[in-house]
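Take the sequence shown: its letters are residues 32 to 460, numbered as in the numbering used here.
The beta-carbon is built from N, C-alpha and C at its ideal position, and this holds for glycine as well.
Since we're looking at a predicted model, the values are computed, not measured.
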Amino acid sequence: MKICVVGTGYVGLVSCACFADLGNDVIGVDVDQAKVENLRKGILPIFEPGVKELVDRHLGKRLRFTTNLKEGVLASDFIFIAVGTPPGQNGEADLTYVKEVAAGIGRHLNGPKIVVDKSTVPVGMGDLVDSIMEENCGGEYRVDVVSNPEFLREGSAVHDFMNPDRILIGAENRQAAEKVSELYKPLDAEIVITDLRSAEMIKYASNAFLATKITFINEIANLCERVNADVSKVAHGMGLDTRIGPAFLNAGAGYGGSCFPKDVMALIHIANKEGYEFKVLKAVVEANDFQKRSMIGRIKEVLGPLEGKQIAALGLSFKPNTDDLREAVALDVIRNLVDNGARVRAYDPAAMEHAKALLPGVKFAENAYAAAEGAHCLVIFTEWNEFKEMDLERVKNAMRSPVIVDGRNIYDPAKVKALGFTYRGVGRK
Ligand SMILES: NC(=O)c1ccc[n+]([C@@H]2O[C@H](COP(=O)([O-])OP(=O)(O)OC[C@H]3O[C@@H](n4cnc5c(N)ncnc54)[C@H](O)[C@@H]3O)[C@@H](O)[C@H]2O)c1
């Protein structure tokens with residue numbers, strides 16, 4: 032099949048690479064000239080395991096990149112929209128980029144096409160994309176709009192694209208939906224075909240539900256601290272119940288990232304517009320803000336006043352195996368530490384280059400041990416495997432005082448304490 036993917040960010044680039052690997056001819060289109068020039072040389076704009084290998088395998092054969100949307104539209108039967116839908120001023124999704132792309136596709140249409148929206152967009156956007164395209168092409172060609180929300184997780188995006196729990200396809204025209212489902216046939220995954228608006232809602236509802244689940248266990252963790260219970264044991268016991276399940280029950284410093292915060296806000300906004308108050312989600316936002324702020328309290332509890340203290344911050348990206356810093360909890364907490372007079376030396380395996388511009392006043396170390404050198408306290412923000420496997424004896428010897436605040440509960444408290452650390456996790460005895 033001939034596929035154009037507009038937007039070559041985390042979702043778009045992974046889609047380009049995976050669709051090419053599944054045997055399709057793929058053109059990735061992006062407005063960012065530097066990004067496209069680099070992609071043509073096989074230099075990736077993002078850190079995402081497995082993507083480089085696929086791009087290297089298919090570049091110049093089944094995969095190419097351009098800044099020219101017209102070229103992509105003319106050459107393709109399927110045009111995927113995978114541009115960003117960042118939060119707008121009041122929390123609503125900013126649809127500028129999706130609208131721009133819809134207008135561009137409309138202008139360049141040269142025949143019937145299927146336009147597939149992979150970006151996360153509010154309910155009703157598919158209809159709007161349809162009418163924008165029609166306005167711009169003068170109604171000359173038949174274009175079907177299909178919603179195909181993406182559920183991949185950064186850090187395991189290629190695996191998730193190739194092994195999805197389900198493929199969701201929403202369309203008013205069943206034939207168009209079936210044509211899109213053909214693209215995914217090689218994956219042997221369950222394909223759910225539904226109407227356009229329900230598909231758009233499923234994406235927001237899923238993300239909002241996951242954010243709620245994380246927030247729920249975080250609140251249980253806060254309560255565990257007060258009643259002297261251990262949230263890791265509580266989560267294990269809860270997760271064995273098949274009605275609940277173990278995923279997304281890891282208590283910690285709060286959720287962040289490019290999707291959950293913005294999608295929760297966007298869903299609240301969608302509800303508001305309809306005159307409905309989504310009370311649970313409002314509480315989720317408030318509780319998550321509290322969770323992030325409460326990390327400062329946890330650090331102060333074991334360290335006392337922060338003024339003049341040296342803190343080693345491990346992990347900056349919002350989750351492991353990505354360099355994505357959007358809404359990363361570490362950024363908020365580190366800025367707060369600096370405002371409170373602490374000196375911070377940070378280390379992240381993939382996100383430091385981008386972080387330097389976002390964290391003025393923070394020093395950066397070339398590895399975790401160097402970050403720990405002379406520190407009064409080491410704070411874990413992201414659960415990268417290399418932090419789980421650190422030589423803690425060596426860390427202790429490097430530190431000025433052996434104190435760990437574990438914002439992701441990656442260590443066994445008993446073992447860390449036996450090594451002589453003061454240990455503070457989230458929701459653990
Ligand atoms: N990142 C994730 O884990 C994830 C997962 C599922 C869904 N989503 C959704 O997918 C969408 C894309 O997210 P992302 O994280 O890949 O975004 P991103 O910011 O990484 O990438 C967006 C890309 O679109 C490009 N772009 C913007 N306007 C354009 C235009 N007019 N023409 C061509 N290219 C243009 C940008 O230059 C950028 O490269 C969002 O709606 C997001 O909510 C993201």
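query	result
Check whether the Cβ of G201 lies closer than 7 Å to any heavy atom of ligand 1, and answer yes or no.	no
Go to V434, then tell me how far its beta strand (DSSP E) extends in each direction, as first and last residue.	434-437
For ligand 1, I want to know if D354 counts as a neighbour, meaning its beta carbon is within less than 7 Å of at least one of the ligand's heavy atoms.	no
Use the C-beta contact count for D87: other C-beta atoms within 10 angstroms, 16 or more gives buried, fewer gives exposed.	exposed
Could you pull the start and end residues of the alpha helix (DSSP H) that K101 belongs to?	100-106
Using the Cα positions of K130 and D148, report the straight-line distance between them to the nearest angstrom.	11 Å
The alpha helix (DSSP H) that contains V315, what's its start and end?	310-334
Report the start-end ranges of each beta strand (DSSP E) in the stretch 123-154 that is 3 residues or longer and not cut off at the edges.	144-148
I want to check one thing, is the minimum distance from the CB of S150 to the heavy atoms of ligand 1 below 7 Å?	yes
Sort S325, F96, I77 by Cα distance to Q64 and report the nearest one.	F96
Who does A396 pair with in a DSSP beta bridge?	None, per the DSSP bridge assignment.
Would you kindly work out how many angstroms separate the C-alpha atoms of R228 and A202, rounded to a whole number?	8 Å
Measuring only from the beta carbon, is E131 closer than 7 Å to any heavy atom that is part of ligand 1?	yes
Name the DSSP bridge partner or partners of S178?	D148, G201
Entirely within the stretch 46-86 and at least 4 residues each: give me those alpha helix (DSSP H) ranges in chain order.	64-71
Going by the CB atoms, is the gap between V375 and I411 shorter than 8 Å?	no
Write down the C-beta distance between A318 and V457 rounded to the nearest angstrom, noting that I regard them as a contact closer than 8 Å.	Not confirmed; about 13 Å, so no contact.
Who are the Cβ neighbours of I163 in its own chain at under 8 Å, not counting the five residues just before and after it?	K130, A133, A134, G137
Count the other CB atoms within 10 Å of the CB of A359; is the residue buried (16 or more) or exposed (fewer)?	buried
Going by CA-CA distance only, name the one from G285, V104, N398 that's closest to V15.	The displayed coordinates of the chain run from 32 to 460. Any statement about residue 15 would go beyond what the structure contains.
Where does G405 land, buried or exposed, given buried means 16+ other C-beta within 10 angstroms?	exposed
Can you grab the Cα-Cα spacing for the pair L409 / I222, in whole Å?	45 Å
Does DSSP classify T243 as helix, strand or coil?	helix
Would A322 be called buried (16 or more neighbouring beta carbons within 10 Å of its own) or exposed?	For clarity, residue 322 is Gln in the given sequence; the question names Ala instead. With 16 or more Cβ atoms within 10 Å of its Cβ, Q322 is classed as buried.
Give the range of the alpha helix (DSSP H) segment to which I299 is assigned.	291-304
Helix, strand or coil, according to DSSP, for P351 in the structure here?	coil
Given a threshold of 16 other Cβ atoms within 10 Å of its Cβ, counted over all protein chains shown, does A386 qualify as buried or as exposed?	buried
Would you check whether ligand 1 has a heavy atom nearer than 7 Å to the C-beta of V114?	yes
From the DSSP output, in three-state form, read off I110 for me.	strand
Could you check which residue in C290, E397, F182 has the C-alpha nearest to that of A382?	E397
When the Cα of T39 is compared with those of Y235, D52, L70, D219, which residue comes out closest?	L70
If distances are taken between C-alpha atoms only, which option among C255, F309, A220, D355 comes closest to Y235?	F309
Taking the beta carbon of T273 as the centre, do at least 16 other beta carbons fall within 10 Å, making it buried, or is it exposed?	exposed
Check each candidate in D219, K216, G122, V42 and name the one with the smallest Cα separation from S150.	V42
Quick one: grab the DSSP three-state call for K210.	helix
With respect to 7 Å, is the separation between the Cβ of T39 and the closest non-hydrogen atom of ligand 1 below this value?	yes
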